[in-house]
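Participant: To start, I am sharing the structure in question, which I have written as structure tokens.
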Amino acid sequence: MQFLQTRGVSELLVLALAIPVLLVVLLQASWVYADARREGFPAGPWLLAVLTVPGLGFLAYLVARGRTAKR
């Protein structure tokens, strides 16, 4: 984020671009999970967690960083 700010890109713009990308990644993860279940792969809740938790964690990091930057 600091690198982008030194290049003149605002943090709001980075968040505006990152959030839709993360939502698409989460949507694709749910499709992978559904396909795995349909094909008979033993896909328990752990597969969905492995596919989605990193994206949600990164989104929470961006939101928290945005809140602390405003203070």
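Each number in the working numbering corresponds to the 1-based position in the sequence shown with 841 added. Just so you know, even glycine gets a beta-carbon here, dropped at the ideal spot from N, CA and C. Keep in mind it's a predicted model, so treat the numbers as computed, not measured.
Which residues in the same chain as Gly-903 place their Cβ atom closer than 7 Å to its Cβ, once the five residues preceding and following it in sequence are excluded?
Facilitator: It should be pointed out that residue 903 corresponds to Leu in this sequence rather than to Gly. Excluding sequence neighbours, Leu-903 sits near Leu-856, Ala-859.
Participant: Run through the segment 846-885 for me and flag every whole beta strand (DSSP E) of 3 or more residues, listed as ranges in chain order.
Facilitator: None, since the segment 846-885 contains no complete beta strand (DSSP E) of that length.
Participant: Who are the Cβ neighbours of Pro-895 in its own chain at under 6 Å, not counting the five residues just before and after it?
Facilitator: Closer than 6 Å at the Cβ level, and outside the excluded window around Pro-895, lies no residue.
Participant: Give a yes or no on whether the C-beta atoms belonging to Thr-893 and Ala-875 are separated by under 8 Å.
Facilitator: No. Outside cutoff.
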